[in-house]
Amino acid sequence: MPDAARPPSVDRLARSLADTGLPHPLLVDVARRAIASGDTSTVEARARDDASALARTLLQPVINATGVLLHTNLGRAPYAPPLYEGYTNLELDLATGERGSRHAHAASLMARACGAESAIIVNNCAAAVLLVLAALANGRGAVVSRGELVEIGGGFRVPEVMAQSGARLIEVGTTNRTRRADFERAIADNLDVALVMQVHQSNYRIVGFTEAPDARDLATLGPPLVVDIGSGLLDTACPWLADGPPSWLRDEPAARQTLEAGAALVTFSGDKLLGGPQAGVIAGRADLVQRCAKHPLARALRPGGLVLQSMQYVALAYLRRDGNAIPFWRAATAPLSELRDRADALGRGKVVESMAVPGGGTLPGVEIPSIAVALDGDRSAALRAWSPAIIARVNDGATYLDLRTIDPSHDAPVRAALAAL
Ligand SMILES: *Cc1c(COP(=O)(O)O)cnc(C)c1O
Numbered sequence: 126m127p128d129a130a131r132p133p134s135v136d137r138l139a140r141s142l143a144d145t146g147l148p149h150p151l152l153v154d155v156a157r158r159a160i161a162s163g164d165t166s167t168v169e170a171r172a173r174d175d176a177s178a179l180a181r182t183l184l185q186p187v188i189n190a191t192g193v194l195l196h197t198n199l200g201r202a203p204y205a206p207p208l209y210e211g212y213t214n215l216e217l218d219l220a221t222g223e224r225g226s227r228h229a230h231a232a233s234l235m236a237r238a239c240g241a242e243s244a245i246i247v248n249n250c251a252a253a254v255l256l257v258l259a260a261l262a263n264g265r266g267a268v269v270s271r272g273e274l275v276e277i278g279g280g281f282r283v284p285e286v287m288a289q290s291g292a293r294l295i296e297v298g299t300t301n302r303t304r305r306a307d308f309e310r311a312i313a314d315n316l317d318v319a320l321v322m323q324v325h326q327s328n329y330r331i332v333g334f335t336e337a338p339d340a341r342d343l344a345t346l347g348p349p350l351v352v353d354i355g356s357g358l359l360d361t362a363c364p365w366l367a368d369g370p371p372s373w374l375r376d377e378p379a380a381r382q383t384l385e386a387g388a389a390l391v392t393f394s395g396d397k398l399l400g401g402p403q404a405g406v407i408a409g410r411a412d413l414v415q416r417c418a419k420h421p422l423a424r425a426l427r428p429g430g431l432v433l434q435s436m437q438y439v440a441l442a443y444l445r446r447d448g449n450a451i452p453f454w455r456a457a458t459a460p461l462s463e464l465r466d467r468a469d470a471l472g473r474g475k476v477v478e479s480m481a482v483p484g485g486g487t488l489p490g491v492e493i494p495s496i497a498v499a500l501d502g503d504r505s506a507a508l509r510a511w512s513p514a515i516i517a518r519v520n521d522g523a524t525y526l527d528l529r530t531i532d533p534s535h536d537a538p539v540r541a542a543l544a545a546l
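All you need for our numbering is the position in the sequence shown, starting with 1, plus 125.
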């Protein structure tokens with residue numbers, strides 16, 4: 126029996142919290158803090174609150190009810206299921222028993238999926254751009270339009286990445302209008318231009334009096350054209366979707382068509398419209414990809430087997446034309462009638478029309494029609510406290526759970542959470 130006058134022992138208090146599932150050393154920390162905080166009568170309740178607060182800081186699955194498909198705080202694209210446990214043939218050629226290449230599986234499938242000669246996978250698109258510039262333009266010039274010297278977010282600023290790579294930035298044109306002739310002039314004036322670069326504006330648009338050359342115009346200037354398409358749409362025709370490209374994709378550039386237009390390399394993220402894990406892809410001409418792979422930075426920027434497994438899963442799904450196997454595309458293209466039926470079945474709140482967004486710094490201004498359940502008041506904290514945590518959107522004093530970003534396998538816990546509110 127606890128003695129009301131004396132604090133419990135650290136060890137006993139820690140052991141009494143074992144049902145939280147946290148390892149003993151963490152519970153000892155929690156127990157120490159609770160005891161040190163004073164009031165003996167509340168020490169156990171306090172320790173239990175602290176333990177559950179600590180458990181909430183761990184990486185864990187959450188239910189994305191925000192309607193933002195690529196939510197930066199929720200890890201952008203929803204993860205595809207992991208494939209294997211234990212050892213893999215990451216760098217072993219099973220045919221010869223010799224050392225193999227970690228670019229032989231996921232990256233070569235990704236190249237096939239976007240129609241490139243060759244590809245490598247790095248940690249993210251920022252790493253892809255850095256590696257391309259370091260490997261192909263270190264100490265030399267790279268020509269970019271002034272309208273594309275963008276900041277993507279989280280500190281990825283094109284001019285700064287170029288500076289880090291050792292490439293010399295040659296800006297041409299103006300913020301709103303740049304022409305092929307601007308590039309021609311820069312190349313004629315600068316004897317040592319290694320690359321022409323085009324960067325997708327990603328998270329903003331310039332509208333009005335604008336002009337920009339397309340990849341086809343820039344591909345014939347002489348130096349290899351590198352296009353940072355960013356979001357990772359593989360093919361504008363979306364052959365992995367039964368109904369073809371959704372209207373909201375509009376003019377989003379795709380890897381296959383950019384390469385067909387004459388780009389020597391494209392770079393893109395794994396976890397935006399590609400729907401994979403955090404990764405970056407460099408795809409295109411085999412000789413240039415090889416120079417990137419051989420650069421000393423490539424080792425520092427390479428992902429491990431877990432990411433490559435996940436990228437292989439995604440590449441195989443694209444090659445099977447099976448968009449349903451990619452959680453991002455399944456969510457992005459779910460028919461409204463299906464979302465409405467699922468919302469009705471949640472049994473609580475008002476079913477309303479909603480607008481989901483791609484998010485993740487892609488497709489600014491694009492909205493995807495959706496269905497949400499609306500609750501009176503701000504219920505976001507209670508929903509976040511559910512297990513798994515449910516992340517909802519609060520707008521004008523009401524809480525919205527958008528069905529487009531909730532995986533159907535999560536409808537049951539969402540229904541239970543709503544019933545318990
Ligand atoms: C998102 C983006 C990046 C950065 O990609 P990360 O995978 O987040 O590093 C770079 N370039 C463009 C054009 C992008 O859209």
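Here a beta-carbon is modelled for each residue, glycine too, at the ideal position from N, C-alpha and C.
Within the model, the alpha-carbon separation for A313 versus V268 is close to 12 angstroms. G405 is bridged by DSSP to V247, S394.
Note that the C-beta distance between A389 and R416 is not below 8 angstroms. Counting the other Cβ atoms within 10 Å of the Cβ of Q323 gives 16 or more, which makes it buried.
For E169, the uninterrupted alpha helix (DSSP H) segment begins and ends at 168-182. Membership of D353 in any alpha helix (DSSP H) is not indicated; the residue belongs instead to the beta strand (DSSP E) covering 350-355. By a beta-carbon distance limit of 8 angstroms, D503 contacts T524. Their separation comes to about 6 angstroms. Leaving aside the five residues that flank Y443 on each side, the residues in its chain whose CB is nearer than 7 angstroms to its CB run, in chain order, A238, L359, W365. Around the beta-carbon of G522, fewer than 16 other beta-carbon atoms lie within 10 Å, marking it exposed.
A544 carries a helical assignment under DSSP once its states are collapsed to helix, strand and coil.
Within 10 angstroms of the beta-carbon of R381 lie 16 or more other beta-carbons, which makes it buried.
Contact between the segment 340-353 and the segment 286-301 is absent: fewer than three C-beta pairs spanning the two stretches fall below 8 angstroms. DSSP places S462 in the helix class (H, G or I) of the three-state scheme.
Annotation: the continuous beta strand (DSSP E) that includes D527 extends over 523-527.
Between ligand 1 and the CB of F453, the shortest heavy atom gap is not smaller than 7 angstroms. DSSP lists R201 as the beta-bridge partner residues of H196. According to the DSSP secondary-structure assignment, M322 is paired through a beta bridge with V269, V351. A heavy atom of ligand 1 is found nearer than 7 angstroms to the CB of D353.
Here M480 is bridged, per DSSP, to P494. Between the segment 220-233 and the segment 282-289 there are fewer than three inter-stretch CB-CB distances shorter than 8 angstroms, so the stretches are not counted as touching. Selection L471, S166, D144, P203 evaluated against K397 yields P203 as nearest (Cα-Cα). If one requires a minimum length of 4 residues, the alpha helix (DSSP H) runs lying completely within the segment 268-308 are 283-290, in chain order. According to the DSSP secondary-structure assignment, E336 is paired through a beta bridge with R302.
Taking a cut-off of 8 angstroms on C-beta distances, the segment 326-337 does not touch the segment 305-312, as fewer than three cross pairs fall below it. In this structure, G400 has its beta carbon at no less than 7 angstroms from each heavy atom of ligand 1.
As DSSP reads the structure, L217 sits in a beta bridge with R224. Burial is judged here by how many other beta carbons sit within 10 angstroms of a residue's own beta carbon; R158 has fewer than 16 and is exposed. Across the structure, S479 and A517 are spaced so that their CA atoms are roughly 13 angstroms apart. When G222, R473, T165, V247 are compared, the shortest CA-CA separation from L426 is found for V247. Distances between the C-beta of A244 and the heavy atoms of ligand 1 are all 7 angstroms or more. In this structure, S162 lies near R171, with their beta-carbon atoms less than 8 angstroms apart. For E273, the closest C-alpha among the options T221, S166, R304 is that of R304. Shortest Cα-Cα distance from A499 to any of V519, H230, V193 involves V519. Contact check for P378 against A404 fails: the beta carbons are separated by 8 angstroms or more. Between the alpha carbons of G192 and H535 lies a distance of about 14 angstroms. In the three-state DSSP reduction, L426 falls in the helix class (H, G or I).
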